[in-house]
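Just below is one structure, and these are the notes that go with it.
Residue numbers (the numbering used here): 860 to 1286.
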């Protein structure tokens, strides 16, 4: 905040432009409450041949982590002490739509949380837990009946204080939870040892500085001899990032958007993405990068009826760690040639069901590339944007033509996931 002080915006802009990674900078003063004024800085990053996509170094990464912690303390969690007791564990503080900034519907958030908890408990009781990034305790309080002990690491002082006080008055949690103000990197140097069987990072890693940082955190976790499972939830998918950006653009431009408008918006948002996105392949490769500790990795989509960014473009990774006192997992090894490509084979909904019915009940049915009705349109538009074919049209009927074209394709495959402009507008 800036108040009652003379601020030379030009000097600030000049100082920012002297940074090696900054191409240009603009600084503005935004009026706030009373006499307060907020200082806003906008920078354009400079691309270099040797560091355009590189990871941040150690000091920069740690600085970014602390910046996120300060942001949550001063913004998201600043008033969390006022949360009603009956909303503990389901307060959904800070959960707004990345499409338009609106508050996500409470019923949809409940469905999201229920699916998350069910996935965490799919392998059995939670037992001894380490949660990195506890936040307001949504995961912790909804596991109250299952856990034996829990250590929570959270960089926000407000969140640590809130959870500590609510735990003391929650049946089944008193004397079982130890909240520590710390970041993920502090795990290797905690004052007291931790012995979790389950480690949870839910809706956290998008605030990590990069994949190298995430990999180091996973390395620190698997060094704990007691760890059996790592649950990493609400991961933003790099593989579906453009589909997400198209969905966001459509909600901004509406049904009269031209192809060039969609393309420009997607490109601009892609370049300014502030959060970490992870391709599922990163997690799959962990078994080969850490073969002595990681036995298997599952990639799980969200199982939700609601159509929103959480159900469409995020996923969970469940990492199974090799434990000395645990029986090896029973895994089905499926060769590449055993997979059936839904799209290439021209399967329909009916033929897919028939294929599954005809398989021996005990054997897996490996099928890939199945269209997801939740973002069929977005995928179709991404394909058109990526293609080098001439535009269908440049006028405002372009999106309607896209919808009609997609519906013809879906109808020919007997897929009952047809899209109408009215349904799109109602999203």
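C-beta: ideal position from N, C-alpha, C; glycine also.
Express the C-alpha separation of residue j and residue i in angstroms, rounding to a whole number.
| i | j | result |
| --- | --- | --- |
| residue 936 | residue 972 | 19 angstroms |
| residue 1207 | residue 1222 | 21 angstroms |
| residue 990 | residue 1258 | 44 angstroms |
| residue 1027 | residue 1009 | 13 angstroms |
| residue 1212 | residue 940 | 51 angstroms |
| residue 823 | residue 1025 | Given a span of 860 to 1286 for the chain in the structure shown, any question on residue 823 remains unanswerable. |
| residue 1156 | residue 1180 | 9 angstroms |
| residue 1032 | residue 1246 | 55 angstroms |
| residue 1123 | residue 943 | 43 angstroms |
| residue 1217 | residue 1234 | 29 angstroms |
| residue 910 | residue 1104 | Since pLDDT at residue 910 reaches only 42, below the 50 mark, its modelled position is unreliable, and no value is offered. |
| residue 1001 | residue 1163 | 18 angstroms |
| residue 1058 | residue 1177 | 10 angstroms |
| residue 1091 | residue 1195 | 26 angstroms |
| residue 1020 | residue 1232 | 42 angstroms |
| residue 1262 | residue 1150 | 46 angstroms |
| residue 976 | residue 1089 | 14 angstroms |
| residue 1115 | residue 1256 | 6 angstroms |
| residue 952 | residue 1145 | 33 angstroms |
| residue 1080 | residue 1143 | 17 angstroms |
| residue 1078 | residue 1154 | 14 angstroms |
| residue 933 | residue 1148 | 38 angstroms |
| residue 1004 | residue 1170 | 26 angstroms |
| residue 1127 | residue 1101 | 11 angstroms |
| residue 1197 | residue 1209 | 21 angstroms |
| residue 1048 | residue 1138 | 29 angstroms |
| residue 1323 | residue 1117 | Past the edges of the chain, shown from 860 to 1286, lies residue 1323, and the structure says nothing about it. |
| residue 931 | residue 1166 | 27 angstroms |
| residue 1106 | residue 1214 | 32 angstroms |
| residue 1161 | residue 981 | 14 angstroms |
| residue 987 | residue 929 | 29 angstroms |
| residue 1129 | residue 1063 | 20 angstroms |
| residue 1133 | residue 1069 | 11 angstroms |
| residue 1199 | residue 1097 | 24 angstroms |
| residue 1017 | residue 985 | 26 angstroms |
| residue 1035 | residue 1046 | 19 angstroms |
| residue 1251 | residue 1264 | Residue confidence for residue 1251 is low, a pLDDT of 49 falling below 50, so the modelled location carries little weight and cannot support an answer. |
| residue 938 | residue 1236 | 39 angstroms |
Could you give the residue range of the alpha helix (DSSP H) that holds residue i?
| i | result |
| --- | --- |
| residue 1217 | 1208 to 1217 |
| residue 973 | 965 to 979 |
| residue 997 | 997 to 1000 |
| residue 1106 | 1100 to 1112 |
| residue 1145 | 1145 to 1148 |
| residue 1082 | Run containing residue 1082: none; DSSP gives neither H nor E here. |
| residue 1170 | 1168 to 1171 |
| residue 1232 | No alpha helix (DSSP H) contains residue 1232, which DSSP labels as neither H nor E. |
| residue 1021 | 1016 to 1027 |
| residue 932 | No alpha helix (DSSP H) holds residue 932; DSSP gives it neither H nor E. |
| residue 1119 | 1118 to 1130 |
Could you tell me which residues DSSP pairs with residue i in its beta bridges?
| i | result |
| --- | --- |
| residue 989 | 1010 and 1058 |
| residue 1226 | 1199 |
| residue 1177 | 1090 and 1157 |
| residue 1193 | Beta-bridge pairing links residue 1193 to no other residue. |
| residue 955 | 962 |
| residue 1137 | 1096 |
Quick check on the DSSP output: the beta strand (DSSP E) that includes residue i runs from which residue to which?
| i | result |
| --- | --- |
| residue 1090 | 1088 to 1095 |
| residue 1158 | 1153 to 1160 |
| residue 1038 | 1036 to 1040 |
State the CB to CB distance for the pair residue i and residue j, rounded to an integer number of angstroms; the pair is presumed to be in contact (CB under 8 angstroms).
| i | j | result |
| --- | --- | --- |
| residue 1108 | residue 1125 | 6 angstroms |
| residue 1061 | residue 1093 | 6 angstroms |
| residue 1099 | residue 1172 | 5 angstroms |
| residue 1121 | residue 963 | At roughly 24 angstroms, the Cβ-Cβ gap does not stay under 8 angstroms, so residue 1121 and residue 963 are not in contact. |
| residue 1159 | residue 1175 | 5 angstroms |
| residue 1065 | residue 1135 | 5 angstroms |
| residue 961 | residue 1168 | The Cβ separation is near 11 angstroms, so there is no contact. |
| residue 958 | residue 1110 | 5 angstroms |
The stretch 1085 to 1098 contacting the stretch 1043 to 1056, beta-carbon criterion three pairs below 8 angstroms: The stretch 1085 to 1098 is in contact with the stretch 1043 to 1056.
Could you tell me whether the stretch 960 to 980 touches the stretch 931 to 951, using the rule of 3 or more Cβ pairs below 8 angstroms? yes
Any contact between the stretch 959 to 967 and the stretch 987 to 1005? By contact I mean 3 or more CB pairs, one from each, below 8 angstroms. As far as the Cβ criterion goes, the stretch 959 to 967 does not touch the stretch 987 to 1005, which means the pair count is below three.
Below 8 angstroms, can you find three or more Cβ-Cβ pairs linking the stretch 1034 to 1044 to the stretch 1002 to 1021? The stretch 1002 to 1021 and the stretch 1034 to 1044 touch, with three or more beta-carbon pairs separated by less than 8 angstroms.
For the 8 angstroms Cβ check, are there 3 or more pairs between the stretch 1224 to 1237 and the stretch 1188 to 1208? Yes, since at least three Cβ pairs between the stretch 1224 to 1237 and the stretch 1188 to 1208 fall closer than 8 angstroms, the two stretches touch.
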